[in-house]
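Mapped onto the working numbering, the consecutive letters of the sequence shown carry residue numbers 8 to 96. We put the beta carbon where it would ideally sit given N, CA and C, even for glycine. Just so it is clear, the structure is predicted and the values come from calculations on it, not from any experiment. The structure appears right after this line, and notes come after that.
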Amino acid sequence: MGKTNTEETTVVLVANKDIDKYVYSALRTPKCVIKARGTNVKRAIDTALICERNYGMIIDDVTIYNSPLEMDDKVRYVSNIDITLHKEV
């Protein structure tokens, strides 16, 4: 689980761990961005929805985009998602 802090905003990079780990990381700060790519996009969406439904966090923004990935002299496009959440005051 990758986690970086940028001016009070925590970036949670979603990979292959249990969703509970990402939910816990998102709940530790007042504002966070959950990022995922490829097959982990579903896990990022589930994490954001659990934070919203069970813990009262608010989803501010959802950004979906593709990024090029070069493998074996071929360019493939991988789906990415960024979900911005904040705690209700």
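Contact under 9 Å by Cβ, residue i with residue j
i, j, result
"Ser7", "Asn87", "Past the boundaries of the shown model lies residue 7; the chain is included only from 8 to 96, so the question cannot be answered."
"Asp68", "Ile90", "yes"
"Thr17", "Thr46", "no"
"Arg50", "Val85", "no"
"Gly63", "Glu95", "yes"
"Ile66", "Glu77", "no"
Beta-carbon contacts of residue i that lie in its chain and below 6 Å, excluding the five residues immediately before and after
i, result
"Ile57", "Val30"
"Val82", "Pro75"
DSSP-derived helix/strand/coil call for residue i
i, result
"Thr70", "strand"
"Glu77", "strand"
"Thr36", "coil"
"Lys42", "strand"
Beta-carbon proximity list for residue i, same chain, < 8 Å, skipping 5 on both sides
i, result
"Leu92", "Ala33, Lys38, Cys39, Val40, Ile41, Ala55, Cys58, Glu59, Met64, Ile65, Ile66, Asp67"
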